[in-house]
Amino acid sequence: MKQTKVNNQQSVRRAIRFLPVITWMGVIFWSSSRTGDQLDAALPWIQQLFPYMVSFNWGHFVSYFILALLFDFAIGRKADKWRVKGLIVLLCFLYGVTDEYHQKFVEGRMSDTADLRNDTIGAALAVLSLKIPAVRRLWRKIAH
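Heads up: the sequence shown at position 108 corresponds to 96 in the numbering used here, and the numbers run straight through without jumps.
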């Protein structure tokens, strides 16, 4: 009986760790429901820092960088494995596919493979940055 209670508590803790992922996915979905004009003002300072990267959508990059970090947090220590890092990037990519599909139905928005590229680059750089030993140690202190 006691073991069942411990297992239930662990399951609840695991589920709670995924709440930020689900919340952030909701933020991405909400953002995708806005027109480009409504979102263009969100990150103008980044565009000023990198004016030669006009076609690079920083909103997508940052959103999916954060999503990958949140997946890593939700998964916990198992996310240190390369295989799991690859799964995190794949999950972010697949959510990006659904995001682009959703945008097809939003007035003033369109589906764009460049956005999907930026989503995937953001997710990949997030998981790669967490493999840097100093970053990984800091992340473990914060997230685990």
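A virtual CB, placed ideally from N, CA and C, is assigned to each residue, including glycine.
Residues in its own chain within less than 6 Å of residue i by CB, not counting five upstream and five downstream?
i, result
"A56", "I76, C80, A111, A114 and V115"
"K119", "none"
"H90", "S20"
"R97", "Q91"
"F6", "A62"
Would residue i be called buried (16 or more neighbouring beta carbons within 10 Å of its own) or exposed?
i, result
"R128", "exposed"
"W18", "exposed"
"W70", "exposed"
"R22", "exposed"
"G74", "exposed"
"I4", "exposed"
"F93", "exposed"
Please return the same chain residues whose Cβ sits closer than 7 Å to the Cβ of residue i, not counting the five positions on each side in sequence.
i, result
"E88", "S99, D100, D103 and L104"
"G14", "none"
"W12", "I54, L55 and L58"
Please determine, among the options, the residue with the shortest C-alpha to C-alpha distance to residue i.
i, options, result
"R124", "I109, F93, F61 and T86", "F61"
"I10", "Q(-3), W46 and S51", "S51"
"W46", "N(-5), D107, Q(-2) and R5", "D107"
"S117", "G14, F93, K92 and D68", "D68"
"L78", "R2, G14 and F53", "F53"
"I16", "R1, R2, N(-4) and V85", "V85"
"I130", "E95, Y83, L58 and L82", "L58"
Which same chain residues, not among the five before or five after residue i, have their C-beta less than 8 Å away from its C-beta?
i, result
"V72", "I63 and K66"
"S(-1)", "none"
For residue i and chain D, any beta-carbon pair shorter than 8 Å?
i, result
"A131", "Protein chain content of the structure displayed is limited to a single chain, and chain D is not contained in it."
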